[in-house]
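Participant:
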Amino acid sequence: QKEVEQNSGPLSVPEGAIASLNCTYSDRGSQSFFWYRQYSGKSPELIMFIYSNGDKEDGRFTAQLNKASQYVSLLIRDSQPSDSATYLCAVNTRGGSEKLVFGKGTKLTVNP
Amino acid sequence: GAVVSQHPSRVICKSGTSVKIECRSLDFQATTMFWYRQFPKQSLMLMATSNEGSKATYEQGVEKDKFLINHASLTLSTLTVTSAHPEDSSFYICSARSAGLSSNQPQHFGDGTRLSIL
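From first to last, the protein sequence lines are chains P and R. So in the working numbering, spot 92 of the first sequence is number 92, and the numbers just go up one at a time. So in the working numbering, spot 113 of the second sequence is number 113, and the numbers just go up one at a time.
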């Protein structure tokens, strides 16, 4: 059973702080990793994806991947109230599988 | 780029009605589309993988005769919930991935369809 684990939260941070969201996965053969943001009542929106070990930055967002530890994280710098949402970690496994395995999501609240 | 349109956004209908939901990739061709269901405060559950020109692959526990999927072109997949009952009420979301690229490419989601069966 391929699993993706996230802390359900809620995670609360003050406006302007760095929010750190974490995700672990069980399948060592996983090759690609995605972070989606989902506002309440809406569908998921792609934030970032990462394939290689290390950091990938896009604006205020940084994805970090450590395949040896089977760990992927998302950092949000200068957090804004509009960042308040549930963040879903998703993993695409090896072997040509097209399916994404989603974590249950971490609810982030950024307090003004 | 990578816009996925899903229609309708909301459906309210009586028990026993069949409901058709459309998913279109507007600015790219999608060999593969995915259908998910999400109950309140739960994560997405993959229902089926839809491949253009072939039969859909259903996840375990999803009734293929209940949830009919058609992927007739590279830009359109449809999900029909047949003889819907109140327990089918949920948020249905489609996603699509570009054709011709590896399975590592991201999936892009439609806006979802909120289905309420009375």
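Note that CB positions come from ideal geometry on N, CA and C, so glycine has one too. Please read all numbers here as calculations on a predicted model, not as lab measurements.
Would DSSP call Ser32 (chain P) helix, strand or coil?
Facilitator: For this step, residue 32 (chain P) is matched to residue 32 along the first sequence. The answer is strand: DSSP assigns Ser32 (chain P) an E or B state.
Participant: Taking only the alpha-carbon atoms, compute the straight-line gap between Ile50 (chain P) and Ala63 (chain P) and give it to the nearest angstrom.
Facilitator: Counting from one through the first sequence, the residue named residue 50 (chain P) turns up at place 50. Counting from one through the first sequence, the residue named residue 63 (chain P) turns up at place 63. Straight-line Cα distance between these residues: approximately 7 Å.
Participant: Report buried or exposed for Arg28 (chain P), applying the criterion of at least 16 other Cβ atoms within 10 angstroms of its Cβ.
Facilitator: For the purposes of this step, residue 28 (chain P) is taken as the residue at position 28 of the first sequence. Classification of Arg28 (chain P): exposed, given that the 10 Å Cβ count is below 16.
Participant: Is the segment 81-93 of chain R in contact with the segment 8-17 of chain R, if contact means three or more CB pairs nearer than 8 Å?
Facilitator: yes
Participant: Show which residues of chain R have a CB atom less than 7 Å away from the CB atom of Gly105 (chain P).
Facilitator: By 1-based counting over the first sequence, the position of residue 105 (chain P) is 105. Ordered by position in chain R, the residues that pass the 7 Å Cβ test against Gly105 (chain P) are Ser43.
Participant: With 16 other CB atoms within 10 Å as the buried threshold, where does His118 (chain R) fall?
Facilitator: Sequence index remark: in the second sequence, residue 118 (chain R) carries index 118 (1-based). Note that residue 118 (chain R) is Leu in the sequence shown, not His. So Leu118 (chain R) counts as exposed.
Participant: What did DSSP end up calling Ser73 (chain R) once you bin it into helix, strand or coil?
Facilitator: Translated into the one-based positions of the second sequence, residue 73 (chain R) becomes position 73. In this structure, Ser73 (chain R) counts as strand in the three-state DSSP scheme.
Participant: Return helix, strand or coil for Pro14 (chain P), following the three-state DSSP convention.
Facilitator: Stepping through the first sequence from its first residue, residue 14 (chain P) is reached at position 14. Reduced to three states, the DSSP call for Pro14 (chain P) is strand.
Participant: Please report the straight-line C-alpha distance between Thr49 (chain R) and Glu98 (chain P), rounded to a whole angstrom.
Facilitator: Residue mapping note: residue 49 (chain R) aligns to position 49 of the second sequence, counting from 1. Residue mapping note: residue 98 (chain P) aligns to position 98 of the first sequence, counting from 1. Answer to the nearest angstrom: the Cα atoms are 8 Å apart.
Participant: For chain R, check one thing: does any of its Cβ atoms lie closer than 9 Å to the Cβ of Pro10 (chain P)?
Facilitator: Residue 10 (chain P) sits at position 10 when you count from the first residue of the first sequence. By this cut-off, Pro10 (chain P) is not an interface position.
Participant: Cα separation between Leu11 (chain P) and Gln80 (chain P)?
Facilitator: Translated into the one-based positions of the first sequence, residue 11 (chain P) becomes position 11. Translated into the one-based positions of the first sequence, residue 80 (chain P) becomes position 80. If I take the Cα positions, the gap works out to 14 Å.
Participant: Beta-carbon of Gly41 (chain P) versus every beta-carbon of chain R: anything under 9 Å?
Facilitator: Working through the first sequence from its first residue, we reach residue 41 (chain P) at position 41. So, interface residue.
Participant: Is there a Cβ from chain P that is less than 9 Å from the Cβ of Thr17 (chain R)?
Facilitator: Translated into the one-based positions of the second sequence, residue 17 (chain R) becomes position 17. False, the Cβ-Cβ gap to chain P never drops below 9 Å.
Participant: Against chain C, with Cβ distances strictly below 9 Å, would Lys99 (chain P) count as a contact?
Facilitator: Of the protein chains in the structure, P and R, none is chain C.
Participant: Along the beta strand (DSSP E) that carries Glu22 (chain R), what are the first and last residues, could you check?
Facilitator: Numbered from 1 along the second sequence, position 22 holds the residue referred to as residue 22 (chain R). Where Glu22 (chain R) is concerned, the enclosing beta strand (DSSP E) stretches over 19-25.
Participant: Give me the DSSP bridge partner(s) of Thr93 (chain P).
Facilitator: Translated into the one-based positions of the first sequence, residue 93 (chain P) becomes position 93. The partner list for Thr93 (chain P) (beta bridge, DSSP) is empty, contrary to what the question assumes.
Participant: Kindly indicate which residue of P:Val4, P:Leu100, P:Asp55 has the alpha-carbon position closest to the one of Asn66 (chain P).
Facilitator: Start at 1 with the first residue of the first sequence, and residue 66 (chain P) comes out as number 66. For the residues P:Val4, P:Leu100, P:Asp55, the minimum Cα distance to Asn66 (chain P) belongs to P:Asp55.
Participant: Shortest alpha-carbon distance to Lys55 (chain R) belongs to which of R:Val11, R:Gln105, R:Asp65, R:Ile69?
Facilitator: Start at 1 with the first residue of the second sequence, and residue 55 (chain R) comes out as number 55. The residue with the shortest Cα to Cα distance from Lys55 (chain R) is R:Ile69.
Participant: Nearest CA to the CA of Ser95 (chain R): which residue from R:Thr75, R:Lys64, R:Val19, R:Ser89?
Facilitator: Mapped onto the second sequence, residue 95 (chain R) falls at position 95. Checking every option, the nearest Cα to that of Ser95 (chain R) belongs to R:Thr75.
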